[in-house]
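Structure, as structure tokens:
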Amino acid sequence: MPELPEAETIARGLREPLTGASVDRVAVIHADVLDLEAEDFAGRLRGSRFEAIGRRGKNLVLRLADSRRLVVNLGMSGRLLMRGPGAGGPPPTHPAVYFHLQGGLGSLVYHDVRRFGRLSLHSAKEYAAWSATLGPEPLGPEFTAVALERGLRSSATPLRSWLLDQRRVAGVGNIYANEAAFLARIDPRARTNSLDADAARRLHRAIRRVLSEAIDARGTTLRDYRTAQGWEGEYGAKLQVYGRAGEPCPRCAEPIVREVLSNRSVFFCPRCQPAP
DNA sequence: CTCGGCGCCTGCACGC
DNA sequence: TGCGTGCAGGCGCCGA
Ligand SMILES: [Zn+2]
């Protein structure tokens, strides 16, 4: 799923209905998405108030009033859905955890068909230590073209693999890694230490641009992703290469190529993104 | 330490 | 219609 733009969209959608709400009761349907035993997890959250909603990379971060954090990694198919008090419509098909809220505010549902997602409860200290293992926020001030160039030079891995490494930059996944490489006109298979300063500058701009525009479109729904209100994202229509094997390149009309790199699809235009 | 391969789990699209 | 295959946003573990 869910990469940075999807996590950001979900955080924005949860802020209004969830901030200040307290947990009345937690119902665990699938304990395999938790880092604790179901009863322990439920007990630790009972009565807790959600004080702030944010994200780190592609992870949702729900800060509790006692400064603990509930960190949600959505895996491939995770959703965080707000269900209003008189929630109409059909019940969710694959709920994994319900957080029923006090005061008739409805519930927050963690929904996950494949259950690759994980919910972790961190103390303030544990959260800081975990956050420190992640790279800079690509839309934040620490992520500069110079820092990116330095990072690229320090590794011999293919660019697409480098971008998926959350310790390098936090929040880029396979869709936006492929899109950013296309916008920057770099072969996603190129070893990062072969890229020059100009390529690093183009990549820096491309990453920021594609993530910002995807946030504006409320993310990309391939199949499972939904906003906190259950809506689909609109960025899929704007994808240039991801999922478009065989279609003409939007720049030069050459057919887009799909290859497999580290067991995952990579999409590129062989003319606009020539092999190094 | 770095890197790539693989399993985790379910549903869907496609070809025969 | 039914069945087999391939594919999907991520990530942690393992061995080279
Ligand atoms: Zn092209």
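Anchor point for the first sequence: position 57 equals 86 in this note's numbering, and the numbering is continuous, going up by one each time. C-beta atoms are modelled at their ideal positions from N, C-alpha and C, and glycine is treated no differently.
*Are the Cβ atoms of glycine 86 and proline 114 separated by less than 8 Å?*
no
*Can you list, in chain order, the residues of its chain whose CB lies under 7 Å from that of valine 142, leaving out five sequence neighbours each side?*
Ser106, His123, Asp253
*Take the Cβ of proline 119 as the centre, count every other Cβ of all protein chains shown within 10 Å, and call the residue buried at 16 or more, exposed below.*
exposed
_Beta-carbon separation (whole angstroms), glutamate 178 vs leucine 268, contact threshold 8 Å_ = With 8 Å as the limit, glutamate 178 and leucine 268 do not qualify as a contact, their Cβ atoms being about 27 Å apart.
*If valine 198 and proline 165 are in contact, beta carbons under 8 Å, what's the gap, nearest whole angstrom?*
6 Å
*Local Cβ density within 10 Å of cysteine 281, reported as buried at 16 or more and exposed below that*: exposed
*What three-state label does DSSP hand alanine 116 in the structure shown?*
coil
*Across which residues does DSSP place alanine 56 in a beta bridge pair?*
Tyr127
_Cutting at 6 Å between CB atoms, please list the residues of its own chain near alanine 60, excluding the five before and the five after it._
Ala67
*Tell me whether the beta-carbon of proline 167 lies closer than 8 Å to the beta-carbon of glycine 202.*
no
*asked:* DSSP has aspartate 141 in a bridge; who is on the other side?
replied: Gly107
_Runs of alpha helix (DSSP H) wholly within the region 148-232 (minimum 4 residues, chain order)_ = 153-161, 174-182, 188-193, 203-212
*Presumed contact (8 Å Cβ cut-off) between alanine 235 and alanine 266, rounded CB distance*: Contact flag wrong, Cβ pair sits at about 19 Å.
_Between threonine 256 and isoleucine 39, how many whole angstroms is the CB-CB distance? I'm expecting something under 8 Å._
6 Å
*Should arginine 300 be counted as a contact of ligand 1 given a C-beta to heavy atom distance under 7 Å?*
yes
_DSSP has proline 284 in a bridge; who is on the other side?_
Pro277
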